[in-house]
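In this note's numbering, the protein residues as written are 0 to 408. The block underneath contains the structure these notes are about, expressed in structure tokens.
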Ligand SMILES: [Zn+2]
């Protein structure tokens, strides 16, 4: 049985962790920044070392292609993303890229001839922090989001995704359109506490929760804080505060399997001696049950309207993004569990709360994911960590699955 080179996997991950390293031990490599470009260049040079044919599409997605015996057969694909959250971690995304690279290195150095081609993919702007929404480029590739719409996404400074792609030299000419894929596997850290709690090494998600993003805009009336009496104020921030607590209380009130979060807020003019007149905040709702999540939003909107009315504020809400829950391919999930078992790794069939490129890819190709434990269940933070032996275990399972699938005719 072939094994991936755990030492080399670790070394490559450590090299990647230096690109955009933060003083707190994490990584900040926002999408389409110079750090993202540097990461891409490192990955591509490693892809070339193992003689992959490197292609970049119109969304900046990178594909390293290794020929099979019969290139008319649909390929097996793996990969993830190399962008991070602000002050993010050293494993989210990049583990799936470097884990996949390590699999291709093993195929290369052992001269393994697969029947099908094998592709290592790096997806642009998975995190959705700099440019909302998340997973935008796998969404375009899967035909679920429009290319021109994606190009127009802007960051807080007004820079456009399309222009930034061009600036860092990654607006490729290959169409960002999916091709038939035989099987797709994404290796990723769990980003939650379950595997650690259950003392399991490999997690296989049954699928990914639905993901609904909203934007809420409140407009009140600004005024000097001293002379303006409390009665009759139209304080947009106070209205927002009440609304945010409604979001937080909703999952327990509705009693279903759901999480709801406000993670981003902009308060204007944000001065200690002016009553805030404009607030913009985001709402993120996730559930396995899409209809339940939609009901939750209707429920929230109703209470937002009442709160805005009571405080004499104007309210505008926008649906910015909705992705349906994704049930992954059960046959591939079974294969992952079987391969983990053969290596005597303990495993667990579970649900993922995080969104992944695999959610979009799953809509056009048989897809499954391999999770490894996150220490303390922490992710999207600098202390995000995973044991090296768990990274190695995940990559070994990925290796077994890719060899198996790519040999099938
Ligand atoms: Zn990720």
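For glycine and all other residues, C-beta sits at the position ideal for the given N, C-alpha and C. Here the structure is a predicted model, which means the values were calculated and not measured.
- In summary, residue 226 is exposed, with fewer than 16 beta-carbon neighbours lying within 10 Å of its beta-carbon over all protein chains present.
- The three-state secondary structure of residue 209, taken from DSSP, is strand.
- Within the region 301–382, the complete alpha helix (DSSP H) runs of at least 4 residues fall at 329–341, 356–360.
- By the CB criterion at 8 Å, residue 126 and residue 82 fall inside the cutoff.
- The beta carbon of residue 307 is closer than 6 Å to those of 238, 314 in its chain, skipping five residues each way along the sequence.
- Relative to ligand 1, residue 279 has its C-beta separated by 7 Å or more from all heavy atoms.
- By the neighbour-count criterion, in which a residue is buried when 16 or more other Cβ atoms sit within 10 angstroms of its Cβ, residue 345 is exposed.
- Annotation for residue 257: the continuous beta strand (DSSP E) segment containing it runs 257–260.
- For residue 5, the three-state secondary structure derived from DSSP is helix.
- As DSSP reads the structure, residue 75 sits in a beta bridge with 117, 182.
- Taking 8 Å as the upper bound for CB-CB distance, residue 185 and residue 95 are in contact here, some 5 Å apart.
- Between residue 328 and residue 365, the CB-CB gap stays under 8 Å.
- Counting along the chain, no beta strand (DSSP E) covers residue 245; the unbroken alpha helix (DSSP H) around it starts and ends at 235–253.
- Note on geometry: alpha-carbon atoms of residue 1 and residue 85 lie some 37 Å from one another.
- Taking all protein chains in view, the Cβ of residue 183 is crowded by 16 or more other Cβ atoms within 10 Å, so the residue is classified as buried.
- Sequence-distant Cβ neighbours of residue 326 in its own chain, meaning closer than 6 Å and more than five residues away, are 206.
- Judged by their CB atoms, residue 99 and residue 67 are not nearer to each other than the 8 Å cut-off.
- Ligand 1 never approaches residue 381 closely enough for any of its heavy atoms to be under 7 Å from the residue's Cβ.
- Taken through DSSP and simplified to helix, strand or coil, residue 280 comes out as strand.
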